[in-house]
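Read through the structure below, which is laid out as structure tokens, and then see the notes.
In the UniProt record's numbering, the protein residues as written are 1 to 357.
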């Protein structure tokens, strides 16, 4: 990966093994709007009004104003994009947006969310030599996969990298948070250390939070609380949220956007124009397998168990599904809808219906 200040268009990358020169922006996510979402006011760092904030622009490389604390102006006039991988235009476009805006990336599985995360993480790591980058995933296997991917794709030094787990003693985790710069963890571990009464978490140094499986950021899931606690003490950080399935309804997606302080959404599907060249043709065949006698018998017995509850829900007009087609997911969705409606108008048989769910 090399640096070249003369490349101006995406097409040039296909012919040159260089890095795009871009106007640099700070992670300036300061003001809170009426809808409790952070407004992103991207500030051009080469502007004279910003330069004047420096104590000594000739001797100091790192910004010391609170808005840009730790930003290295000698590195910040460019960003790095790997050219040792085949260029996919949609990946480039999404990465560029994610560097300068809090972005929710909706991309089908297998189309490079990990690649995008690695590039964004490396550039924030590079721009802020004293900053912290946090990658969170719901499970430890997903966390471990990202560690290897970031090293393989962008060469983020292992010496600056740490996996933080609940199996480690708090003292060890505290030492890692202070010493290392790029962290991989489940949100529950990050939340536990953020809420620590010792207040040793270096929250002021956090410059990027990457959230895998971002559709989980609803209700009181740990993702939501992590972002809230960081934002309360440090309004200047970037958020990159990744998901293949952001939500079943607009309400679900809106909740994720609000909880993660998202200001920009990048969506691609299998049939998107810039994605189609990289999607393999699917040969879908339906194979009908008859149920065995044992499964038929067990299914009948289970239906007999749940049928009284389902009948009462049907009679109350809160569940309109044929009992033989009910799935646990359907019940959970209908239960959530019932609880939400109860906030506006409580059903006369609210307690009994809640028990039946």
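Beta carbons are placed, not taken as given, at the ideal position from N, Cα and C, and that holds for glycine.
Whole angstroms are fine: how far does the CA of residue j sit from the CA of residue i?
i	j	result
residue 291	residue 95	48 Å
residue 72	residue 127	6 Å
residue 159	residue 169	20 Å
residue 129	residue 343	48 Å
residue 332	residue 79	45 Å
residue 185	residue 136	5 Å
residue 243	residue 110	11 Å
residue 255	residue 216	10 Å
residue 352	residue 245	33 Å
residue 314	residue 339	16 Å
residue 232	residue 204	10 Å
residue 172	residue 329	40 Å
residue 187	residue 282	35 Å
residue 108	residue 88	15 Å
Could you have a look at residue i and say whether DSSP puts it in helix, strand or coil?
i	result
residue 243	strand
residue 356	helix
residue 267	strand
residue 95	helix
residue 90	helix
residue 56	Low per-residue confidence applies at residue 56: pLDDT is 40, beneath 50, and the placement is therefore not dependable, though the value from the model is reported in the following sentence. The answer is coil: DSSP assigns residue 56 none of H, G, I, E or B.
residue 184	strand
residue 327	coil
residue 315	helix
residue 195	coil
Considering only their Cβ atoms, is the gap separating residue j from residue i smaller than 8 Å?
i	j	result
residue 104	residue 227	no
residue 165	residue 140	yes
residue 117	residue 91	no
residue 194	residue 238	no
residue 119	residue 81	yes
residue 202	residue 177	yes
residue 252	residue 142	no
Beta strand (DSSP E) containing residue i: first to last residue?
i	result
residue 107	Careful: residue 107 lies outside any beta strand (DSSP E) and carries neither H nor E.
If you follow the alpha helix (DSSP H) that residue i is in, where does it begin and where does it stop?
i	result
residue 179	170-179
Start-end ranges of the beta strand (DSSP E) lying completely within the region 199-265, minimum 3 residues: 206-211 and 238-243
Whole runs of the alpha helix (DSSP H) within the region 117-161, excluding any shorter than 4 residues: 140-154
Segments assigned alpha helix (DSSP H), at least 4 residues, entirely inside the region 283-316: 293-315
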